[in-house]
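Residue numbers (the UniProt record's numbering): 1 to 122.
These notes are about the structure you will find just below.
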């Protein structure tokens, strides 16, 4: 990923959301966080522990399980890192295709988003 225009030196959280971003690119169209196991009983009490991810984290809570995005002093964040996720899938199980990844600022506002697309590589 490559994100520009972020607040310098700030932490951003990112999650898979329930649906895709709408045609008008409005991040709110993606709905809430993807939480098919209903781990989050209420925003005030939710705390993801990456050492016990299945029991304590929303499956869509990528920053809780893999670490947040940290913007540089110039407001840039980028990575070519890949993740192997045993809880989310593209073909079976907790399927994340046709959903969105949404980036949130420290207040929880949605500041960036994009749809998850599956590309066959056969």
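Virtual Cβ for every residue (Gly too), placed ideally from N, Cα, C.
Asked                                                                                                    : Found
For residue 16 and residue 88, believed in contact at Cβ under 8 Å, the rounded distance                 : 7 Å
Separation of residue 68 from residue 47, as counted between CA atoms                                    : 14 Å
Inter-residue CB distance, residue 34 and residue 64 (contact presumed, cutoff 8 Å)                      : Not quite, the Cβ-Cβ distance comes to about 12 Å (not below 8 Å), so this is no contact.
Reference residue 2, options 32, 113, 107 and 121, closest by Cα                                         : 113
Three-state secondary structure (DSSP) of residue 77                                                     : strand
Continuous alpha helix (DSSP H) stretch holding residue 53: start and end                                : 53-56
Residue environment, residue 117, which counts as buried when at least 16 other CB atoms sit within 10 Å : exposed
Candidates 30, 56 and 51: closest to residue 42 by CA position                                           : 56
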